[in-house]
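Going down the list, the sequences are from chains A and B. By numbering that gives the first Met the number 0, the letter at position 32 of the first sequence is numbered 31, and the numbering carries on one by one without gaps. By numbering that gives the first Met the number 0, the letter at position 272 of the second sequence is numbered 271, and the numbering carries on one by one without gaps.
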Amino acid sequence: MTAFLIRGGRLIDPARNIDTAQDVFLRDGRVAAVEVPGKLDALATQEHAEIIAAKGLVVAPGLVDIHVHLREPGQGYKETIATGTAAAAAGGFTSVCAMPNTIPVNDSVETTRWMQEPERGAVARVFPIAAATRGSMGEAITEYGSLKSAGAVAVSDDGKPILQDVVMHQVLAAAARAGLPVIQHAEDTRQTQGASMNAGALAFRLGLRGMAAEAESTIVERDIQLLAGLHDSRAHLHVAHLSTAKALDAVRRARRNGLHVTCEVAPHHFALTEEAVGDYDTHAKMSPPLRLQADRAALTEGLLDGTVDAIATDHAPHAIHEKEQEFERAPNGILGLETALGLSLLLLQQKHSMPLSRVISLLSAQPAQVLHLTGRGTLAVGSFADLVLFDPAEMWMYRAAESKSKSRNTPFDGWTLPGRVHLTISEGRIVHDARVRAKR
Amino acid sequence: MLSVTHLTLQDVHHILDLAADLEAEPVLSRAQRLLKRRVALLFYESSTRTRTSFELAAKSLGADTVLVSALSSSIEKGESLKDTGITLRALGAECIILRHPSSGAPYLLAQATQLPILNAGDGIHEHPSQALLDLRTILTRRLGAKQAQSATAQTLAGLTITIVGDIFHSRVARSNALLLPRLGARVVLCGPEPLLPESAAAIGPNLVIDRNLDRALAQSDVVMMLRIQKERLSGLRLDLEDYIARYQLDAARLAAHAPKALVLHPGPMIRGLELTSEVADGPQSAVAEQVHHGLAIRMALLARALEATKTSTNKTKATVKTVKKSTRR
Ligand SMILES: [Zn+2]
Numbered sequence: 000m001t002a003f004l005i006r007g008g009r010l011i012d013p014a015r016n017i018d019t020a021q022d023v024f025l026r027d028g029r030v031a032a033v034e035v036p037g038k039l040d041a042l043a044t045q046e047h048a049e050i051i052a053a054k055g056l057v058v059a060p061g062l063v064d065i066h067v068h069l070r071e072p073g074q075g076y077k078e079t080i081a082t083g084t085a086a087a088a089a090g091g092f093t094s095v096c097a098m099p100n101t102i103p104v105n106d107s108v109e110t111t112r113w114m115q116e117p118e119r120g121a122v123a124r125v126f127p128i129a130a131a132t133r134g135s136m137g138e139a140i141t142e143y144g145s146l147k148s149a150g151a152v153a154v155s156d157d158g159k160p161i162l163q164d165v166v167m168h169q170v171l172a173a174a175a176r177a178g179l180p181v182i183q184h185a186e187d188t189r190q191t192q193g194a195s196m197n198a199g200a201l202a203f204r205l206g207l208r209g210m211a212a213e214a215e216s217t218i219v220e221r222d223i224q225l226l227a228g229l230h231d232s233r234a235h236l237h238v239a240h241l242s243t244a245k246a247l248d249a250v251r252r253a254r255r256n257g258l259h260v261t262c263e264v265a266p267h268h269f270a271l272t273e274e275a276v277g278d279y280d281t282h283a284k285m286s287p288p289l290r291l292q293a294d295r296a297a298l299t300e301g302l303l304d305g306t307v308d309a310i311a312t313d314h315a316p317h318a319i320h321e322k323e324q325e326f327e328r329a330p331n332g333i334l335g336l337e338t339a340l341g342l343s344l345l346l347l348q349q350k351h352s353m354p355l356s357r358v359i360s361l362l363s364a365q366p367a368q369v370l371h372l373t374g375r376g377t378l379a380v381g382s383f384a385d386l387v388l389f390d391p392a393e394m395w396m397y398r399a400a401e402s403k404s405k406s407r408n409t410p411f412d413g414w415t416l417p418g419r420v421h422l423t424i425s426e427g428r429i430v431h432d433a434r435v436r437a438k439r
Numbered sequence: 000m001l002s003v004t005h006l007t008l009q010d011v012h013h014i015l016d017l018a019a020d021l022e023a024e025p026v027l028s029r030a031q032r033l034l035k036r037r038v039a040l041l042f043y044e045s046s047t048r049t050r051t052s053f054e055l056a057a058k059s060l061g062a063d064t065v066l067v068s069a070l071s072s073s074i075e076k077g078e079s080l081k082d083t084g085i086t087l088r089a090l091g092a093e094c095i096i097l098r099h100p101s102s103g104a105p106y107l108l109a110q111a112t113q114l115p116i117l118n119a120g121d122g123i124h125e126h127p128s129q130a131l132l133d134l135r136t137i138l139t140r141r142l143g144a145k146q147a148q149s150a151t152a153q154t155l156a157g158l159t160i161t162i163v164g165d166i167f168h169s170r171v172a173r174s175n176a177l178l179l180p181r182l183g184a185r186v187v188l189c190g191p192e193p194l195l196p197e198s199a200a201a202i203g204p205n206l207v208i209d210r211n212l213d214r215a216l217a218q219s220d221v222v223m224m225l226r227i228q229k230e231r232l233s234g235l236r237l238d239l240e241d242y243i244a245r246y247q248l249d250a251a252r253l254a255a256h257a258p259k260a261l262v263l264h265p266g267p268m269i270r271g272l273e274l275t276s277e278v279a280d281g282p283q284s285a286v287a288e289q290v291h292h293g294l295a296i297r298m299a300l301l302a303r304a305l306e307a308t309k310t311s312t313n314k315t316k317a318t319v320k321t322v323k324k325s326t327r328r
């Protein structure tokens with residue numbers, strides 16, 4: 000494996016509170032040295048390292064997405080692990096955590112291992128999240144110890160919330176013993192049957208059944224109660240794609256009470272409101288749905304004040320024919336990996352003056368910490384050589400037709416975003432190289 | 000035409016005007032208007048009334064019609080709405096009249112085919128031609144046939160129109176609630192909570208909720224009764240007897256609280272449920288007139304859709320373009 004010297008860039012490593020001009024030396028898939036500019040030149044010559052000019056660019060830890068759907072096994076027509084991770088690399092991500100709602104559901108050691116095999120062709124590290132219950136049916140819990148040994152970093156029945164109190168109690172307790180976080184898609188599906196957007200006046204006008212904010216917040220509150228009742232400091236609840244002010248308040252209160260509750264927010268929830276549904280645009284259909292401006296503002300506030308632990312995309316590819324259906328019939332979800340950095344920079348840094356290092360932290364160090372991904376989300380010496388080089392001020396246009404994903408379902412097609420990714424390195428390999436401007 | 004919200008008051012005026020012209024035109028001359036033009040009726044739900052009305056309207060303008068219903072083979076085999084639309088267009092359809100159980104389905108069809116689409120009822124969303132025929136019925140009764148083409152922000156000023164019943168599941172209620180206030184009417188929505196959520200009053204201006212039928216009637220110049228489906232009531236755990244006691248329009252109630260009000264019903268009526276026979280057949284009822292106005296309105300909508308496609312300045316196409324832009328991929 001070759002060595003690289005990343006030279007002349009602005010190093011931002013939020014995990015170590017660093018934002019300064021530094022050079023980075025990579026060797027054998029790891030960060031070998033970080034020094035003041037120029038100091039590693041001799042070493043680079045000596046080891047015949049490839050020099051990567053990073054002048055004018057931010058050098059940051061490879062981004063970490065703890066909520067993606069890679070659709071393999073079983074739905075390769077939507078996405079494969081190879082195409083999904085290629086999209087990740089294009090968006091600056093080097094670690095992705097894959098949800099278990101595949102076909103079959105990833106509730107086994109075999110599938111968990113299969114997803115991580117080199118034959119899948121992943122260009123970013125894939126961390127499987129295993130199903131919390133068998134088949135994600137919400138009844139019998141899976142074998143957390145062996146799933147963890149096989150590489151699972153958390154358990155979740157994403158898309159199929161665990162509704163029964165006794166089962167959720169068992170899940171939290173067993174996961175605590177195994178040292179795994181429990182990720183809950185908080186939605187009381189008994190309240191959201193047939194619903195396809197946020198509840199309220201707009202849903203009423205469009206003749207669509209709505210999902211109320213309470214369908215999310217009541218489950219978050221219930222889960223927090225169960226967590227509190229466990230009295231086990233190892234127990235960790237992580238709320239997936241939190242979308243409402245109400246649920247965010249519940250998380251804030253639980254944290255104040257010393258409970259280990261974390262949460263993530265998806266870029267589309269702080270970028271858009273339910274108005275994006277417009278004339279039944281299925282690219283604005285996801286679960287949880289786009290909410291009101293008040294919710295969007297509360298989520299932004301939560302990102303700014305630290306209540307939100309991570310930005311996660313909920314990257315959910317669907318084939319064109321699946322989204323070109325009647326609104327109520329179209330599946331939930333949109334692509335997210337290639338637009339997360341740009342949307343975060345646009346809406347948090349540029350619009351709300353969030354420091355750049357905080358934006359990067361929410362996309363790398365913090366999500367890595369939430370799921371204990373050791374050696375990810377930082378550029379400390381000894382950590383994985385996962386890096387992204389981007390120009391935070393450079394505007395670029397996202398074109399769905401040119402996406403590395405197999406699918407095209409995005410409401411952000413044609414959006415001009417800041418922060419073009421120039422180079423992504425995953426474990427010492429260049430996995431995305433856009434240093435030469437696209438030839439067109 | 001996908002939604003009444005796409006119509007300007009100018010458009011509404013034009014439609015009412017055209018309806019009057021077409022109605023007055025000699026049968027033989029009228030039949031030249033859309034001679035041999037091809038109109039497809041694509042019906043995913045059964046509907047005798049609306050389908051027959053559109054079909055007769057098309058035929059009286061000379062158009063050829065073809066009916067594709069839910070029972071025909073391609074739909075049954077699970078073909079997508081997009082592909083069915085493309086097939087109809089390839090077969091020469093110049094306009095599609097769509098009835099579909101999914102809200103918003105006509106938008107998808109318009110985008111897929113780029114043809115003028117007439118929404119004949121989509122899910123629980125809208126039924127625009129019904130709102131227009133209701134408007135024509137009200138105008139004719141209130142202002143007389145000569146004035147029934149007026150459509151300004153003041154046309155219905157001072158008038159209170161109450162819509163009673165299952166507002167939530169009613170596309171007729173939505174189209175009327177979105178159209179009539181724009182002509183100056185005050186619209187009262189009346190029904191029990193599960194059939195009429197509070198958010199209903201927030202969909203447009205000049206809408207209020209009053210859950211007491213007697214009080215609502217006392218303010219009303221027009222009462223629009225909606226069909227009640229028994230299954231829906233039991234699904235929402237509403238007691239049928241209790242519903243009838245609170246919301247049925249019977250002769251005594253009408254005489255006591257709204258002796259002069261006009262009574263409308265989009266049909267099909269369930270006599271003995273939302274209203275009694277005495278009311279349905281009584282002097283205040285305009286139910287039969289509604290059906291009559293429906294034919295004229297639908298002739299006007301078809302003429303407008305198809306005559307416009309011959310020229311390049313075409314409102315329906317402009318609508319299609321808007322839809323396309325907002326659902327771009
Ligand atoms: Zn989810």
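Where is the CB? At the ideal position from N, CA and C, for every residue including glycine.
Rounded to whole angstroms, the separation of the alpha carbons of Ala184(B) and Ile208(B) is 14 angstroms. Here Gly234(B) is exposed: its Cβ has fewer than 16 other Cβ atoms, across all protein chains shown, within 10 Å. Straight-line measurement puts the Cα of Gly209(A) at about 7 angstroms from the Cα of Gly199(A). By the 16-neighbour rule on beta-carbons within 10 angstroms, Thr1(A) is exposed.
Each residue's CA atom was taken as its position, placing Ala254(B) and Ala244(A) some 50 angstroms apart.
Asp278(A) has a beta carbon lying within less than 9 angstroms of a beta carbon in chain B. Ranking Glu300(A), Glu273(A), Gly305(A) by CA distance to the CA of Arg290(A) puts Glu273(A) first. Between Arg170(B) and chain A, the shortest Cβ-Cβ separation is below 9 angstroms.
Annotated three-state conformation of Gln324(A) is coil, per DSSP. Boundaries around Phe24(A) are those of the beta strand (DSSP E), 22-26, since no alpha helix (DSSP H) includes it. The alpha carbon of Arg32(B) has as its nearest neighbour, out of Leu40(B), Leu21(B), Leu41(B), Phe42(B), the alpha carbon of Leu21(B).
Segment contact: the segment 89-106 of chain A against the segment 42-58 of chain A, fewer than three CB-CB distances shorter than 8 angstroms; contact not assigned. Counting only Cβ-Cβ distances below 7 angstroms, Ala200(A) has contacts in chain B at Ser198, Ala201, Ile202, in chain order.
For Asp12(A), there is no enclosing alpha helix (DSSP H); the residue is part of the beta strand (DSSP E) that begins and ends at 9-12. Taking 8 angstroms as the cut-off, the C-beta of Asp313(A) counts as close to a heavy atom of ligand 1. Rounded to whole angstroms, the separation of the alpha carbons of Gly203(B) and Leu177(B) is 6 angstroms.
For Trp395(A), the enclosing beta strand (DSSP E) starts and ends at 386-396. In the three-state DSSP reduction, Pro417(A) falls in the strand class (E or B).
Contact annotation: in the segment 94-115 of chain B, residues whose CB is within less than 8 angstroms of a CB in chain A are His99, Ser101, Ser102, Gly103, Ala104, Tyr106, Leu107, Ala111. Remark: the C-beta of Met98(A) is in contact range of ligand 1, defined as less than 8 angstroms to any heavy atom. Residue pairing by DSSP places Pro127(A) opposite Ala97(A) in a beta bridge.
Segment contact: the segment 232-241 of chain A against the segment 179-188 of chain A, three or more CB-CB distances shorter than 8 angstroms; contact assigned. The segment 235-255 of chain B makes no contact with the segment 128-143 of chain B, as fewer than three CB pairs between them are under 8 angstroms. In the structure shown, Asp187(A) falls within a coil segment according to DSSP collapsed to helix, strand and coil.
Contact between Leu155(B) and Leu182(B) holds, since their C-beta atoms are separated by about 4 angstroms, short of 8 angstroms. Rounded to the nearest angstrom, the gap between the Cα atoms of Phe24(A) and Gly91(A) is 19 angstroms. If you check the CB distance, Gly61(B) and Arg36(B) come in under 9 angstroms. Considered as a whole, the segment 230-290 of chain A harbours 244-255, 266-270 as its complete alpha helix (DSSP H) runs of no fewer than 4 residues, in chain order. For Phe269(A) and Thr132(A), the gap between their C-alpha atoms comes out near 31 angstroms. The three-state reading of DSSP puts Asp40(A) in helix, counting H, G and I together. Closest by C-alpha distance to Asp248(A), out of Glu300(A), Ala48(A), Gln348(A), is Glu300(A).
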